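Contents: one structure, followed by commentary.
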Amino acid sequence: MAVERSLLEVNNLETGFRFGDVYHNAVDDVSLTLENNEILAIVGESGCGKSTLATSIMGLHDPKNTEIKGEVIYKDLNLLDLNEKLYNRIRGNDIGMIFQDPLGSLNPLMTIYNQISESLEYHSDLNEEQRRARVLELLNQVGIPRPEQIMKNYPHELSGGMRQRVVIAIALANKPPVIIADEPTTALDVTIQAQILDLMVDIQDETGSGIILITHDLGVVAETADRVAVMYAGQIVEEAPVEELFANPKHPYTRSLLNSIPHELEDDDDELHVIHGTVPSLQKLPRKGCRFAPRIPWIPEDSHEENPVLHEISPNHKVRCTCWKHFHFEGEDE
Amino acid sequence: MWKTIIRRVLLMIPQILILSILIFILADFMPGDPFTGLVDPNLDPAQLDAMREAYGLNDPLPVKYVRWMKNALQGDFGRSFNYQQPVTAVIAGRMGNTIRLSLLSIILTYLIGLPLGILAGRYNESILDKTVLVYNFVSFAVPIFVLALLMVWVFGYNLNWFPARGSISVNAVTQWDKWMSQLYHLLLPSITTAILGTTSIIQYLRSEIIDAKVSDYVKTARSKGVPIQKVYTKHIFRNASLPIASGFGFTIVSLFTGSIFIEKIFTYRGMGYLFLQSINTRDYSVIFVLALFYGFLGLIGTLLSDVILMAVDPRIRID
Ligand SMILES: Nc1ncnc2c1ncn2[C@@H]1O[C@H](COP(=O)(O)OP(=O)(O)OP(=O)(O)O)[C@@H](O)[C@H]1O
Ligand code: SF4
Ligand SMILES: [Mg+2]
């Protein structure tokens with residue numbers, strides 16, 4: 001056994017959804033680690049399985065229609081083996097979660113106070129008065145003005161940014177070592193987005209927790225993350241520290257996200273190639289060979305790997321496949 | 001909230017006024033009058049006309065309306081030709097029966113509807129859910145009189161479990177016996193009404209619960225570590241019951257009006273029975289007041305629904 005384990009380890013996680021009699025993996029053999037004091041960003045376009053990964057870690061899937069394999073190791077426990085009761089001790093206490101839509105993720109019929117306090121009720125023996133004090137403290141921490149008043153309000157009485165601060169306060173309530181934020185800023189205006197990101201970074205500084213930040217916005221990644229994992233069609237295609245990834249992106253998908261246009265080395269005509277299309281649906285996804293190949297049809301067949309796996313090309317920089325060597329991107333150095 | 005309620009109540013005054021004019025006009029369109037079908041064929045037409053004149057039936061409509069309104073404001077809603085009694089007395093004599101019937105129907109409706117809806121939504125796709133859906137489909141598809149006749153035929157005549165007609169047994173002497181007899185007579189018609197009333201409750205509750213289950217706020221609640229049972233009681237059911245709660249006012253109204261047919265089929269002497277009977281005997285003054293009462297009930301039901309919605313949903317502010 002390793003001497004020092006990561007804060008959270010995801011090993012070969014597979015999450016399949018049932019379609020009739022068959023399961024299709026939305027998360028396909030994903031392995032990750034999260035350390036203390038780190039923001040790990042997971043990027044990828046819509047439908048690539050980011051939320052599924054997050055909810056799988058939280059164990060929130062309906063077991064009737066989902067099949068989960070692999071391990072989620074936290075404190076030497078495989079969370080996926082836990083029964084509901086034990087899992088509920090972890091949820092909210094050890095892992096806090098922040099969702100995308102701050103209006104939808106708050107119960108419209110409950111006051112802000114009750115929603116934050118609920119999280120404390122199940123994980124602490126604070127009495128009513130202490131809970132009140134803690135809720136006030138949290139509201140202050142997430143930068144909500146007039147917390148005494150706001151906590152008596154209902155979600156619809158708050159602006160989007162304020163609601164997202166409340167959602168963050170809920171996630172922070174029990175000082176969880178791990179926080180998973182699933183697109184926490186996507187539903188907000190740009191100015192509010194920046195505020196919320198600053199808040200998350202501050203919180204991370206203060207609490208030293210490890211944060212998994214899910215986003216499809218590379219700007220967000222550049223500003224906040226320490227490490228990045230790029231996901232495509234349920235798999236991680238590239239993973240690297242943030243500076244490395246931006247300076248030296250390898251996988252064609254990463255490069256296309258970084259807005260370069262893939263360009264063949266030996267291509268002599270100057271035709272520009274743009275990546276079209278979206279992530280295929282789960283049923284249509286090719287399970288053999290490379291998943292991204294269909295979206296870069298101008299790359300010669302023989303440059304693709306048969307069954308690409310993650311290679312560590314330099315310390316901490318992993319790329320799925322080796323064919324990145326066979327072409328480069330316009331504007332990139334040779 | 002009180003301000004809103006008071007304003008809404010005040011607003012009801014002109015609404016009722018308009019309603020009364022409409023019903024008055026409609027009643028006037030109805031063919032015949034209380035003397036048309038009178039049994040004594042020897043009555044001289046001239047004499048009949050004199051009687052009409054005496055009762056003010058030949059006056060122009062506005063005159064009749066104003067006269068009626070004046071009296072109504074003093075608590076005199078006219079006399080029933082058929083019963084030769086004040087309309088208020090005739091209706092009051094029936095009101096108790098209908099209120100009892102409606103009350104029991106409402107209780108049974110919710111007693112059957114709420115648990116079935118909750119179970120079907122909570123365990124959707126299960127055998128239980130599918131059974132409830134079949135029940136619901138049948139209760140939705142079967143017309144009220146078919147179900148009522150079926151109930152009378154099966155449980156009243158064939159099995160003889162319940163009295164199939166009437167509202168009280170003549171043999172009941174003591175007060176206790178009377179109550180029991182009334183309750184016994186109520187069961188069949190109120191169960192019938194309730195079965196029909198559960199359809200929408202079950203349907204709403206079930207689909208609201210199924211929607212709420214996958215909502216984001218439920219994900220939030222679960223990610224706080226709230227046990228699933230608590231997630232249901234504190235988050236899902238509360239949200240899912242909003243349309244049921246706000247539908248309460250309408251449900252009451254529909255039970256009252258639905259009881260018109262039920263009372264007829266079960267020969268249950270309540271207001272609905274009286275209403276149909278008065279139409280047959282062209283007892284205008286009774287028809288008019290009853291129609292007005294049903295209209296008034298509709299207004300109250302709407303108000304009640306809005307008030308409940310305001311009370312249970314903090315997002316709603318009705319002005
Ligand atoms: N409960 C479910 N049942 C069936 N398929 C699902 C379910 N949830 C997600 N999927 C499918 O799994 C794939 C991944 O979805 P997921 O929501 O994880 O993507 P995402 O990366 O979070 O996308 P977005 O950026 O839009 O949030 C999609 O193809 C989606 O349609
Ligand atoms: S083999 Fe080609 S298409 Fe596949 S992952 Fe590698 S670069 Fe992408
Ligand atoms: Mg998502």
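First to last, the protein sequences are chains D and H.
Position 224, counted from 1, in the first sequence is what UniProt numbering calls 224; the numbers after and before it change by one each time, with no gaps.
Position 49, counted from 1, in the second sequence is what UniProt numbering calls 49; the numbers after and before it change by one each time, with no gaps.
Beta carbons are placed, not taken as given, at the ideal position from N, Cα and C, and that holds for glycine.
Remember, it's a predicted structure, so these values are computed and weren't measured experimentally.
For E206(D), the enclosing alpha helix (DSSP H) starts and ends at V190 to T207. Using a Cβ distance threshold of 8 Å, S246(H) and I202(H) do not count as a contacting pair. For K284(D), the Cβ stays outside the 7 Å cut-off from all heavy atoms of ligand 3. Contact between F275(H) and I265(H) is absent: CB atoms are separated by about 14 Å, not below the 8 Å threshold.
What T88(H) touches in chain D, judged by beta-carbon distance under 8 Å, is nothing: the nearest beta carbon there is about 44 Å away. Around the beta carbon of G75(H), fewer than 16 other beta carbons sit within 10 angstroms, so the residue counts as exposed.
Within the region 232 to 280 of chain H, the complete alpha helix (DSSP H) runs of at least 4 residues fall at 237 to 240 and 242 to 265. A check of alpha carbon separations from N124(H) across C321(D), L82(D) and K64(D) identifies K64(D) as the nearest. Going by beta carbons, I192(D) and M200(D) fall outside the 8 Å limit. By the criterion of a C-beta distance shorter than 7 Å, S80(H) is surrounded in its chain by V87, V90, D283, S285 and V286, once the five residues flanking it on both sides are discounted.
Contact annotation for R89(D) against chain H: G225 [CB-CB distance below 8 Å, chain order]. Shown here for L172(D): same chain residues with a beta carbon closer than 8 Å to its own, the five before and five after excluded, namely G96, L138, Q141, V142, I179, I203 and T207 in chain order. Around the CB of L213(D), 16 or more other CB atoms lie within 10 Å, so the residue is classed as buried. A Cβ-Cβ separation of about 6 Å places N11(D) in contact with G70(D) under the 8 Å criterion.
The continuous alpha helix (DSSP H) containing G301(H) extends over residues Y284 to V312. If you check the C-beta of S51(D) against ligand 3, you find a heavy atom less than 7 Å away. Of all alpha-carbon atoms in M69(H), G225(H), L116(H) and V134(H), the one lying nearest the alpha-carbon of N88(D) is that of G225(H). For T131(H), the closest of R7(H), R206(H), L48(H) and W179(H) by C-alpha to C-alpha distance is R206(H). Under the three-state reduction of DSSP, L159(H) is assigned to coil, being neither helix nor strand.
Taking CB atoms only, T4(H) has no neighbour in chain D less than 8 Å away. Residue nearest to L111(H) within the set T193(H), I21(H), V134(H) and R269(H) is T193(H) (criterion: CA-CA distance). Against chain D, the beta carbon of Y217(H) has neighbours under 7 Å at G104, S105, L106 and N107, listed in chain order. Take the alpha-carbon of L108(H) and the one of S200(H): they are about 14 Å apart. Below 8 Å, enough C-beta pairs join the region 99 to 113 of chain D and the region 146 to 158 of chain D to call them touching: three or more. Collapsing the DSSP output to three states places P102(D) in coil.
Assignment of K224(H) by DSSP, reduced to helix, strand and coil, places it in the coil class. Taking F237(H) as reference, the option from I210(H), D129(H) and L61(H) with the minimal CA-CA separation is I210(H). Contact between T33(D) and I68(D) is absent: CB atoms are separated by about 19 Å, not below the 8 Å threshold. Exclusion of the five residues before and after G234(D) leaves N25, A26, V27, D28, C48 and G49 as the residues of its chain whose Cβ lies within less than 7 Å of its Cβ.
By the Cβ criterion, the region 18 to 32 of chain H is in contact with the region 59 to 77 of chain H, since at least three pairs of Cβ atoms, one from each stretch, lie closer than 8 Å.
Residues of the region 118 to 143 of chain D with a C-beta less than 7 Å from any C-beta of chain H: E118, S119, Y122 and H123, listed in chain order.
Within the region 285 to 318 of chain H, the residues whose Cβ lies closer than 9 Å to any Cβ of chain D are, in chain order, V312, D313, P314 and R315. Membership of Q235(D) in the beta strand (DSSP E) is indicated by the continuous run Q235 to P241.
In the three-state scheme derived from DSSP, where H, G and I count as helix and E and B as strand, M110(D) is classed as coil.
Taken residue by residue, none of the region 301 to 319 of chain D has a beta-carbon sitting less than 8 Å from a beta-carbon on chain H. Neighbours of I228(H) across chain D, judged by C-beta separation under 8 Å: E84.
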